[in-house]
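Structure first, then comments.
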Amino acid sequence: MSNENLKNAIEDIMNKNKVNAPKRSFDDKKILQYESDLLSSNVKIEHSICIADLFPGEESHSFGGGDFTRVDYALSWQNWQEQGFRFTLTNIKYSNSKLLIECPTQFKKDTITLLPAFIESLANKANQLMNK
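Residue numbering for the sequence shown follows our numbering, starting at 19 and increasing by one per position.
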């Protein structure tokens, strides 16, 4: 076997055995870390809030890079299709929900900055439920 053939054979084997895991962006990793932290804390309370409600006075700010604003979207922590709790983003006008991790990049970037406020809102809700 020539060096070229050996090189091609090795390359074929490497390609066949390559891990097919999706490459995650920094934003994806951050979202998954927040989800992991909530899950490891056993937070299983459904919570949804309009993004504009997280920052009163900033309702008209553009969201997701398009014509929509913060008033048009809700962020949720919910049992997604009975497969476990995940962050979801919903276009309120069209009732169109999607896992946050699967949203376009600009939506993820805009949402990541809101996650700490959302988690604080979720903690307040959990506190209210525990004190009833």
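Yeah, the Cβ is synthetic: ideal placement off N, Cα and C, and Gly gets one too.
Could you give the residue range of the beta strand (DSSP E) that holds Q96? Your numbering for residue 96 matches position 78 in the sequence shown. Looking at the DSSP string, the run of the beta strand (DSSP E) that includes Q96 is 91 to 97.
Q51: which of A135, F105, K143, A141 sits nearest, CA to CA? Position 33 of the sequence shown, counted from the first residue, corresponds to residue 51. Nearest of A135, F105, K143, A141 to Q51, Cα basis: F105.
C-alpha gap between E154 and P74, whole angstroms: As displayed, the chain neither begins before 19 nor continues past 150, which places residue 154 out of reach and without an answer.
Straight-line Cα distance separating A135 from N142: To locate residue 142, count along the sequence shown from 1; it is residue 124. To locate residue 135, count along the sequence shown from 1; it is residue 117. Their backbone Cα atoms lie some 11 Å apart in a straight line.
In the structure shown, what three-state DSSP assignment does R42 receive? Residue mapping note: residue 42 aligns to position 24 of the sequence shown, counting from 1. R42 falls in the coil class under three-state DSSP.
Using 8 Å as the cut-off, can you tell me whether the segment 24 to 33 makes contact with the segment 52 to 64, which would need three or more C-beta pairs spanning the two stretches below that distance? no
Distance CB(R88)-CB(I63) smaller than 9 Å: The residue you call residue 88 lines up with position 70 of the sequence shown. The residue you call residue 63 lines up with position 45 of the sequence shown. No.
Keeping to the same chain, check which residues put their C-beta closer than 8 Å to that of K127; ignore five residues upstream and five downstream. Here residue 127 corresponds to residue number 109 of the sequence shown, with the count starting at 1. Contacts found: D45.
CB of T169 within 9 Å of CB of K116, strictly: Coverage of the chain is limited to positions 19 through 150, which leaves residue 169 absent and any answer about it impossible.
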